[in-house]
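16 is the number of the first residue of the sequence shown in the numbering used here; add one for each residue after it.
Contents: one structure, followed by commentary.
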Amino acid sequence: MVRVVVLGAGVAGHTAALHLRRLLGTRHKVTVVSPNSHWNWIPSNIWVGVGEMTKEQVVFPLAPIYAKKKIEFVQARAVAIHPNGTKEDPVGSVDVVSTEAGAQGQEQRIHYDFLINATGPKLKFEATEGLGPHGGHTVSVCTADHAVEASRQLDATIARLKSGQRQVLVVGTGHGTCTCEGAAFEYTFNVEHQLREAGVRDKAQLIYLTNEAQLGDFGVDGMAFKQKGFEQSSRMWTESLFTERGVHSILGAHVSKIEPDTIHYETLDGKTWTQHFDFAMLLPPFGGVGLKAYDHDGSDITDQLFAPSGFMKVDADYTAKPYEEWTAADWPKTYEVPGFPRIFAAGIAFAPPHQISRPRKTPNGTMIAPSPPRTGMPSGMIGKSVAQTIVDRIKRGPGAPAHEASMARIGAACVASSGTGMLKGSAAAMTMFPVVPNYQKYPDSHGRNFNGTRGDIGLYGHWVKLMLHYLFIYKAKALPGWQLIPE
Ligand SMILES: Cc1cc2nc3c(=O)[nH]c(=O)nc-3n(C[C@H](O)[C@H](O)[C@H](O)COP(=O)(O)OP(=O)(O)OC[C@H]3O[C@@H](n4cnc5c(N)ncnc54)[C@H](O)[C@@H]3O)c2cc1C
């Protein structure tokens, strides 16, 4: 019996675990370790954050699904990996700390033959003083609970607007190195929609504050589209939406500090500014979750497995080089950890080799560099690909070639909601191929293939987004035919 341990039950880890069980049969053991008892369809947190969905609509308990699928579920936080085992016990293992009610804090060592690290991001609110809902002055939509609190504060803001008070609402990124700008963009336009629906749009100033140097960058260096014979860019397209909906933008901003009603930030020209707010949703930067690694003799080998960001080093080219010299080929393909052939990292947990958008420094030396997003579709595809590699190595031996899912060779679809409602809703639907631009292969179309890169905004996008919500929850619940729904 081979033991496969998956750390994390998000998009990448849960997808990997379900495919492992489907492809391996019950002869082998699949264990999932995750601190949360529930699965969360994170993209729909946006709608929880504006009160259009409840928390219960975007989460469900994992234990019954894993019991049905004969996957062992350990509700715990992984803290350390022993890739070469310990002096007493040479088998690879992971130390975990229970988060289960009644067993909280209890430690356990779990042995593995193959390990997938799919622990996603640590939400680094501490990177900016005063950021975030845990003792800070801003809200977040990164977890379902955060989104519930965001909705509560948005309601209070709307109530003040209804009583005739003018309000300033700021949505965006809370640090120069944030990622996931698409989520901030979505929340901006959902808030805008709610303000219009509440009849208070005229009294509210809505500001999108971002580390992107241009609108439409989304941390992927923007996109070029060819539509109706014209070449368009995600920048033109996004600027038009901001103008149409009267949303002001602050670009190329690093937020350095947040006081109860004031955001302090620096822009790319090195100037420093303050912005008053009555309501602010600012995303935190992401880092790895802080796993440690130890050799069999107890020596700390964390830096062999992890980059300084805390993300896991995989088969990417991490050589430091100027932005102009980075290529699509630098991106990982198999997600194996060099030197540790039985360990893989999937989804946000792997360390990207470089930014996709140009990193910039202000004259004061402050980095303003959107980090590469690793959205749901690539995260799921990587989770599945890694599961397939492990299955082949179990069935055909360690020499079986690895499956590949390079973000420089796969596309992604992203549907960014810009307001809900079966008749009044809208969403910006974007597809890009590949996710990581290849400027050598596609020199005339901004590094991507025009055939796979499109953008459109309209009511149908909202219906697609709503359909994806139900489809992905259906898939994650492993209901009949789940495997036919693509990642
Ligand atoms: C507000 C918001 C909106 C988004 N909207 C979209 C969208 O519309 N479309 C899209 O494609 N993407 C969207 N994304 C991005 C998408 O959510 C991520 O790409 C995806 O969740 C990444 O999957 P993952 O498995 O790597 O990480 P996650 O889904 O975050 O999963 C990580 C898992 O690891 C667990 N974990 C954490 N620490 C440990 C530990 N120490 N030990 C064990 N387990 C641990 C967590 O509990 C979780 O189960 C959005 C993100 C945000 C924040």
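C-beta: ideal position from N, C-alpha, C; glycine also.
Only a predicted model underlies this, so the values are computations on that prediction, with no experimental measurement involved.
Separation of residue j from residue i, as counted between CA atoms
{"i": "Ala384", "j": "Glu103", "result": "45 Å"}
{"i": "Ala268", "j": "Thr192", "result": "10 Å"}
{"i": "Gly28", "j": "Val401", "result": "10 Å"}
{"i": "Phe204", "j": "Asn226", "result": "18 Å"}
{"i": "Gly117", "j": "Thr69", "result": "27 Å"}
{"i": "Asp128", "j": "Tyr338", "result": "38 Å"}
{"i": "Lys137", "j": "Gly244", "result": "43 Å"}
{"i": "Leu169", "j": "Val65", "result": "7 Å"}
{"i": "Lys376", "j": "Ile363", "result": "24 Å"}
{"i": "Gln90", "j": "Ala133", "result": "15 Å"}
{"i": "Asp217", "j": "Ile80", "result": "47 Å"}
{"i": "Leu256", "j": "Gly473", "result": "11 Å"}
{"i": "Gly24", "j": "Thr46", "result": "Looking at the sequence provided, one finds Ala at residue 24 rather than Gly. When rounded, the distance between both Cα atoms is 11 Å."}
{"i": "Glu254", "j": "Ile500", "result": "34 Å"}
{"i": "Thr188", "j": "Ala199", "result": "7 Å"}
Residues near residue i in its chain [Cβ-Cβ closer than 7 Å; skip 5 each side]
{"i": "Tyr309", "result": "Ala95, His97, Asp315, Ile316"}
{"i": "Arg92", "result": "Pro50, Val111, Val112, Thr114"}
{"i": "Gly395", "result": "Val26, Ala27, Thr30, Glu502"}
{"i": "Ala417", "result": "Thr349, Glu351, Thr404"}
{"i": "Ala415", "result": "Asp407, Arg408"}
Neighbourhood of residue i by C-beta, 8 Å cutoff - its chain only, sequence neighbours within 5 removed
{"i": "Arg42", "result": "Met16"}
{"i": "Glu274", "result": "Gly145, His152"}
{"i": "Arg175", "result": "Gln182, Asp293"}
{"i": "Leu82", "result": "Contrary to the premise, residue 82 reads as Ala rather than Leu in this sequence. Contacts found: Phe88."}
{"i": "Trp56", "result": "Val73, Val74, His484, Phe487, Ile488, Ala491"}
{"i": "Asp276", "result": "His152, His291, Phe292, Asp293"}
Option in the options with minimal Cα separation from residue i
{"i": "Val329", "options": "Asp318, Ala360, Lys307", "result": "Ala360"}
{"i": "Gly135", "options": "Gly325, Ala444, Leu483", "result": "Gly325"}
{"i": "Leu38", "options": "Ser432, Gln209, Glu351, Lys399", "result": "Lys399"}
{"i": "Arg463", "options": "Phe240, His190, Leu499", "result": "Phe240"}
{"i": "Ala165", "options": "Gly412, Arg211, Leu266, Gly147", "result": "Gly147"}
{"i": "Ala171", "options": "Leu210, Pro416, Gly302", "result": "Leu210"}
{"i": "His263", "options": "Arg411, Glu207, Val304, Gln498", "result": "Glu207"}
{"i": "Val48", "options": "Thr101, Ala322, His126", "result": "His126"}
{"i": "Glu212", "options": "Tyr454, Ala443, Leu438", "result": "Leu438"}
{"i": "Leu221", "options": "Phe233, Ile265, Val235", "result": "Ile265"}
{"i": "Gly9", "options": "Gly313, Pro323, Asp312, His311", "result": "The structure shown does not extend to residue 9, since the chain spans only 16 to 502, so no value can be given for it."}
{"i": "Pro387", "options": "Phe233, Tyr333, Gly440", "result": "Phe233"}
Rounded distance between the beta-carbons of residue j and residue i, thought under 8 Å
{"i": "Val215", "j": "Ile173", "result": "6 Å"}
{"i": "Asp293", "j": "Leu184", "result": "7 Å"}
{"i": "Arg424", "j": "Thr446", "result": "No, Arg424 and Thr446 are not in contact; Cβ-Cβ is about 15 Å, not under 8 Å."}
{"i": "Gly197", "j": "Ala431", "result": "5 Å"}
{"i": "Leu230", "j": "Arg260", "result": "That belief does not hold up - the Cβ atoms of Leu230 and Arg260 are roughly 12 Å apart, past 8 Å."}
{"i": "Thr289", "j": "Ile278", "result": "7 Å"}
{"i": "Cys195", "j": "Leu298", "result": "6 Å"}
{"i": "Gly434", "j": "Phe448", "result": "Between Phe448 and Gly434 the Cβ distance is about 27 Å, and since that is not below 8 Å, they are no contact."}
{"i": "Met327", "j": "Tyr202", "result": "Wrong, their Cβ atoms sit about 29 Å apart, outside the cutoff."}
{"i": "Leu35", "j": "Ile358", "result": "No, Leu35 and Ile358 are not in contact; Cβ-Cβ is about 15 Å, not under 8 Å."}
Cutoff 6 Å; reference residue i; Cβ partners in own chain excluding five residues on either side
{"i": "Ala78", "result": "Phe88"}
{"i": "Gln123", "result": "Val111"}
{"i": "Ala420", "result": "Met396, Ile397, Ser400"}
{"i": "Lys85", "result": "Thr41"}
Open item on the list: Ignoring anything shorter than 4 residues, give me the alpha helix (DSSP H) runs that lie fully in the region 276–357, in order along the chain.
Closed with: 317–320
TODO: Run through the region 129–217 for me and flag every whole beta strand (DSSP E) of 3 or more residues, listed as ranges in chain order.
DONE: 129–132, 182–188
- [ ] Tell me the start and end of each unbroken beta strand (DSSP E) in the region 418–486 that is at least 3 residues and wholly inside, in chain order.
- [x] 427–432, 442–447, 469–473
Task: Any beta strand (DSSP E) of 3 or more consecutive residues that is wholly inside the region 26–94 - done: 44–49, 53–55, 74–76
TODO: Could you pull out every unbroken beta strand (DSSP E) segment of at least 3 residues lying fully inside the region 229–261, listed in chain order?
DONE: 239–242, 245–248
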